[in-house]
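Notes for the one structure printed next.
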Amino acid sequence: MRIVIFDMDGTLVDSGHDITASVNHVRKKIYGLGPLSKAFVVEAINRDQRNLALLFYETPLYEPEAQQEFESHYYRQCIRTPRLYPGIRSLLDRLARQGIGLSVATNAPACFAGRMLTHLGLEAFFDRIVGSEDVPRSKPHPAMLLDILTSYGYVPGRDRALMVGDSVKDMEAARQAGIPSAFASWGFSAEGGGDVTLSHPGEILPLVANRGAFPNQDAGKK
7 MRIVIFDMDG TLVDSGHDIT ASVNHVRKKI YGLGPLSKAF VVEAINRDQR NLALLFYETP
67 LYEPEAQQEF ESHYYRQCIR TPRLYPGIRS LLDRLARQGI GLSVATNAPA CFAGRMLTHL
127 GLEAFFDRIV GSEDVPRSKP HPAMLLDILT SYGYVPGRDR ALMVGDSVKD MEAARQAGIP
187 SAFASWGFSA EGGGDVTLSH PGEILPLVAN RGAFPNQDAG KK
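In this text, residue positions in the sequence shown follow this note's numbering: the first is 7, and each later residue adds one.
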């Protein structure tokens, strides 16, 4: 069995404009604050151990009202301007034709990813979408990846799996799950530290073309 697990935002889809629009909506409506730039928002969300409530809303903790307002606004906003990264659609088509299992692991609620994938006509490619509500802890904890691997009946040594993402959270989750990682340098973050760095989605194809071509399957055991 060959499996590729993708992060969503900044890996499959450039959703930065929509995320920023919803953050700024909450800043204005709930806190009376001015707008943040897209560059600031997307860089912040991919950094581990960042207090996003403090960075985005100047409050030490997420307040329920702000969280609810963001989710309500983003549910509508997330299908307004999402943009597939060049090469993603053809990549998914070719991977699916090879019989490779495809899933999404996102730190956002799964409903947002599902809504965007449906809007973009990609939902049929994916077996699973695992979001923040589906596991006790989000990435960089490996729970999402382990949940997906278990659903495929993954057996280390027999099967091959790869995590593709654009953040240190994705790379660390893969390491803890015991599978190799590929850093999507076209995404939101400038640094990832994966076992392989990709400059274009098409570079995934030779990695998964056959069992032996996967990155070091012992990478996550270091």
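From the three backbone atoms N, C-alpha and C, an ideal C-beta is built for every residue, glycine too.
Note that this is a predicted model, so its numbers are computed, not measured.
Sub-7 Å separation of residue i and residue j beta-carbons
i, j, result
"serine 191", "glycine 200", "no"
"isoleucine 36", "alanine 72", "yes"
"glycine 137", "threonine 17", "no"
"isoleucine 106", "arginine 134", "no"
"methionine 14", "threonine 112", "yes"
"phenylalanine 132", "leucine 108", "yes"
"leucine 101", "valine 19", "no"
"leucine 168", "valine 10", "yes"
"valine 32", "glutamate 69", "no"
"glycine 8", "arginine 166", "The question names glycine, yet the displayed sequence has arginine at residue 8. Yes, Cβ-Cβ distance for arginine 8 and arginine 166 is below 7 Å."
"asparagine 3", "phenylalanine 189", "Residue numbering for the chain in the displayed model covers 7 to 228; residue 3 lies beyond these limits and cannot be assessed."
Residues that residue i bridges to, as DSSP identifies them
i, result
"phenylalanine 189", "Gly171 and Thr203"
"phenylalanine 46", "Per DSSP, none; premise fails for phenylalanine 46."
"aspartate 133", "Answer by DSSP bridge pairing: none, since aspartate 133 is not bridged."
"valine 29", "Beta-bridge pairing links valine 29 to no other residue."
"proline 146", "Proline 146 pairs with nothing; no bridge assigned."
For residue j and residue i, believed in contact at Cβ under 8 Å, the rounded distance
i, j, result
"proline 207", "isoleucine 25", "About 21 Å separates the two Cβ atoms, so there is no contact after all."
"leucine 98", "leucine 128", "6 Å"
"leucine 42", "phenylalanine 12", "That pair is no contact at about 26 Å."
"valine 141", "methionine 150", "5 Å"
Contact between the stretch 86–104 and the stretch 29–49 is defined here as three or more beta-carbon pairs at a separation below 8 Å; is this criterion met?
No, because fewer than three Cβ pairs between the stretch 86–104 and the stretch 29–49 fall closer than 8 Å, the two stretches do not touch.
Does the pairing of the stretch 141–157 with the stretch 170–183 give three or more beta-carbon distances under 8 Å?
Touching, yes, given that three or more Cβ pairs across the two stretches are closer than 8 Å.
Length-filtered (4 minimum) alpha helix (DSSP H) runs lying within the stretch 69–116:
Listed in chain order, they are 70–83 and 94–103.
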